[in-house]
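A.B. asks:
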Amino acid sequence: MDHICVVLVYDFGAEDNQPMSSSLTFLSKSSPPTPNRPSSALATRLAVSRGNYDRRLNGNGKKMYRNELAKKGRGNLLKKLEKGKSKSLDSRQDPRAHKSPSKKMEPTLPYIAASVFLLLVAFKFLSQKIHHSHPNIPPSPPSLPVIGHLHLLHRPLHRTFHNLSETLGPIFSLRFGSQLVVVISSSPGAEECFTKNDIVLANRPHGTIGKYLDYNYTTVVSSPYGDHWRNLRRLMSLEIFSTNRLNAFLSIRRDEIRHLLRQLHQKSSADFAKVEMKSKLYGLTFNIIVRMIAGKRYYGDDLEDSAEAAEFRELVSKAFDYAGSWNAADYVPVLGWIDYKGFEKNLAKFHKRLDVIFQGLIDERRRDESKNTIVDHLLSLQESQPEYYTDTIIKGLISCFQWERVGEDPVDLTEGSGLTMPKVEPLETMCKARDIMKKVLSGGANDA
Numbered sequence: 000m001d002h003i004c005v006v007l008v009y010d011f012g013a014e015d016n017q018p019m020s021s022s023l024t025f026l027s028k029s030s031p032p033t034p035n036r037p038s039s040a041l042a043t044r045l046a047v048s049r050g051n052y053d054r055r056l057n058g059n060g061k062k063m064y065r066n067e068l069a070k071k072g073r074g075n076l077l078k079k080l081e082k083g084k085s086k087s088l089d090s091r092q093d094p095r096a097h098k099s100p101s102k103k104m105e106p107t108l109p110y111i112a113a114s115v116f117l118l119l120v121a122f123k124f125l126s127q128k129i130h131h132s133h134p135n136i137p138p139s140p141p142s143l144p145v146i147g148h149l150h151l152l153h154r155p156l157h158r159t160f161h162n163l164s165e166t167l168g169p170i171f172s173l174r175f176g177s178q179l180v181v182v183i184s185s186s187p188g189a190e191e192c193f194t195k196n197d198i199v200l201a202n203r204p205h206g207t208i209g210k211y212l213d214y215n216y217t218t219v220v221s222s223p224y225g226d227h228w229r230n231l232r233r234l235m236s237l238e239i240f241s242t243n244r245l246n247a248f249l250s251i252r253r254d255e256i257r258h259l260l261r262q263l264h265q266k267s268s269a270d271f272a273k274v275e276m277k278s279k280l281y282g283l284t285f286n287i288i289v290r291m292i293a294g295k296r297y298y299g300d301d302l303e304d305s306a307e308a309a310e311f312r313e314l315v316s317k318a319f320d321y322a323g324s325w326n327a328a329d330y331v332p333v334l335g336w337i338d339y340k341g342f343e344k345n346l347a348k349f350h351k352r353l354d355v356i357f358q359g360l361i362d363e364r365r366r367d368e369s370k371n372t373i374v375d376h377l378l379s380l381q382e383s384q385p386e387y388y389t390d391t392i393i394k395g396l397i398s399c400f401q402w403e404r405v406g407e408d409p410v411d412l413t414e415g416s417g418l419t420m421p422k423v424e425p426l427e428t429m430c431k432a433r434d435i436m437k438k439v440l441s442g443g444a445n446d447a
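Numbered per numbering that gives the first Met the number 0, the sequence shown spans residues 0 to 447.
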């Protein structure tokens with residue numbers, strides 16, 4: 000029959016060697032104790048008070064137990080238990096040793112809740128203060144903290160604004176994060192903004208797009224209202240887009256139109272051919288503008304293999320994408336610290352590539368002897384006023400040209416989905432050259 004052994008763990012006080020606390024653990028012969036188990040674990044399994052121990056065992060019992068333990072070769076267990084006893088005493092003297100990790104984490108939740116509550120109160124206080132400091136702000140729908148009304152924006156945006164105007168009136172305000180936006184959906188209100196209050200509304204908000212694409216807000220599109228903006232406007236209206244200057248580029252427009260007609264003639268020389276006109280008109284517009292600016296062509300079937308033309312077309316396409324995008328950090332500034340989605344990093348890389356192209360166009364015009372482009376005219380102004388007409392100003396003027404569709408004839412205006420309201424059916428034509436066109440183009444080709 001297996002007999003039961005009793006292991007005693009007790010601590011002695013400083014006076015008269017009286018036991019301060021004791022614990023009792025039963026060990027069977029069939030399952031000997033594991034020496035590696037700490038004494039605190041043994042004590043917590045079955046602990047009895049000092050009085051219970053005195054009732055169970057007397058002094059002779061303790062002596063018999065020690066002798067029995069020595070006979071069975073378990074003296075090492077006592078040493079380990081006494082060693083663990085001293086550690087248990089130290090842990091009782093140091094209350095921090097009993098704290099579990101879960102207890103340490105318990106106070107953090109109230110702190111977080113209190114911090115969030117204080118932030119919401121501060122935001123509410125600041126919003127009320129701003130509202131009272133601007134009592135004439137138009138009405139606005141209920142907003143959320145930090146993001147404002149950004150959650151209300153759905154595509155297409157003009158439909159969203161129209162729905163809001165039906166409930167809030169023709170003039171209402173929105174909060175795009177930290178930016179205050181006033182939306183005017185009535186024609187008389189918009190006319191008043193651009194006639195009576197045009198100077199008040201002449202400034203543009205600064206954002207990440209203008210910082211990189213507009214050369215740190217130095218172009219006529221993004222620069223604030225002031226002497227610099229007025230000088231750029233005068234330069235573009237009197238020097239670049241004057242009647243005499245545009246008439247000087249008449250030969251370029253005629254040459255590009257003739258080049259387009261020649262391509263259409265080649266495609267339809269045998270029979271009817273389906274032609275996608277969007278890319279054709281797109282290339283026609285860009286070739287006219289780039290030839291006016293720098294005297295070069297980058298679009299057309301004959302330039303498909305040109306590496307320089309391919310890179311220019313890629314950069315222009317990406318510039319359109321960036322110009323139509325928005326950076327969340329412009330409206331929630333805290334996201335700028337972490338560069339949300341790497342937007343600014345990618346835009347900075349794109350700006351470097353675009354700057355290399357523009358600087359190459361300027362350097363090439365410096366080496367060229369002909370002086371019949373817009374860049375040539377700007378370089379001549381740079382010679383007279385080098386401190387103002389820097390290369391950065393010239394590159395900014397190059398980048399802010401408007402790229403628009405050629406032609407004013409009405410086409411299918413059935414509205415599709417999207418902010419730009421694309422046509423449901425793309426603009427296509429079935430082209431077959433008439434005999435008179437063949438004669439004219441053949442004669443023009445021979446003259447060329």
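Even for Gly, the Cβ is constructed at its ideal location relative to N, Cα and C.
Being a predicted model, the structure only gives us computed values, none of them experimental.
Within the present structure, is the beta-carbon of residue 243 separated from the nearest heavy atom of the ligand GDP by less than 7 Å?
C.D. replies: The ligand GDP is absent from the structure shown, which contains no ligand whatsoever.
A.B. asks: Leaving out five residues on either side along the sequence, give the residues of the same chain with a beta carbon under 8 Å from the beta carbon of residue 227.
C.D. replies: Within the same chain, residue 227 has close Cβ partners 217.
A.B. asks: Between residue 350 and residue 361, what straight-line distance do the alpha-carbon atoms span, to the nearest angstrom?
C.D. replies: Approximately 16 Å, taken between the alpha carbons.
A.B. asks: Taking just the CA atoms, how far does residue 149 sit from residue 394?
C.D. replies: Going by the C-alpha atoms only, they are around 34 Å apart.
A.B. asks: Got a sec, what are the start and stop residues for the alpha helix (DSSP H) residue 384 sits in?
C.D. replies: No alpha helix (DSSP H) holds residue 384; DSSP gives it neither H nor E.
A.B. asks: Report back the beta-carbon spacing between residue 181 and residue 137 to the nearest angstrom; my notes put them in contact at under 8 Å.
C.D. replies: Going by Cβ atoms, the distance from residue 181 to residue 137 rounds to 6 Å, so yes, they are a contact pair.
A.B. asks: From this set, 241, 279, 305, which residue's C-alpha is nearest residue 256's C-alpha?
C.D. replies: It is 279 whose Cα lies nearest to the Cα of residue 256.
A.B. asks: Count the CB pairs spanning the stretch 303-318 and the stretch 159-167 that are closer than 8 Å, and state whether there are at least three.
C.D. replies: They do not touch, by the three-pair rule.
A.B. asks: Any idea which residues DSSP pairs residue 147 with across the strands?
C.D. replies: Residue 147 is bridged to 143, 175.
A.B. asks: Between the stretch 228-240 and the stretch 205-219, can you find at least three pairs of beta-carbon atoms closer than 8 Å?
C.D. replies: A contact exists between the stretch 205-219 and the stretch 228-240.
A.B. asks: Which same chain residues, not among the five before or five after residue 380, have their C-beta less than 6 Å away from its C-beta?
C.D. replies: Around residue 380: 388.
A.B. asks: For residue 176, count neighbouring Cβ atoms within 10 angstroms of its own Cβ and tell me buried if that reaches 16, exposed if not.
C.D. replies: Buried: at least 16 other Cβ atoms inside 10 Å.
A.B. asks: Applying the 10 Å Cβ sphere with the 16-neighbour rule, what's the burial state of residue 174?
C.D. replies: Under this definition residue 174 is a buried residue.
A.B. asks: Who does residue 183 pair with in a DSSP beta bridge?
C.D. replies: According to DSSP, residue 183 bridges with 170.
A.B. asks: Is the beta carbon of residue 392 closer than 8 Å to that of residue 292?
C.D. replies: No.
A.B. asks: Could you say if the stretch 264-277 and the stretch 335-343 meet the contact criterion of at least three C-beta pairs nearer than 8 Å?
C.D. replies: At 8 Å Cβ cutoff, the stretches do not touch.
A.B. asks: Would you say residue 508 and residue 330 are within 8 Å of each other, going by their C-beta atoms?
C.D. replies: What the structure shows of the chain is the stretch from 0 to 447, and residue 508 is not part of that stretch, so it cannot be assessed.
A.B. asks: Using DSSP with H/G/I as helix, E/B as strand and the rest coil, what is residue 164?
C.D. replies: Helix at residue 164.
A.B. asks: So, at 8 Å on beta carbons, what are the nonlocal neighbours of residue 120 in its own chain, with the 5 sequence-adjacent residues on each side left out?
C.D. replies: Taken in chain order, the list of residues that qualify is empty.
A.B. asks: Is DSSP giving residue 312 helix, strand or coil here?
C.D. replies: Helix.
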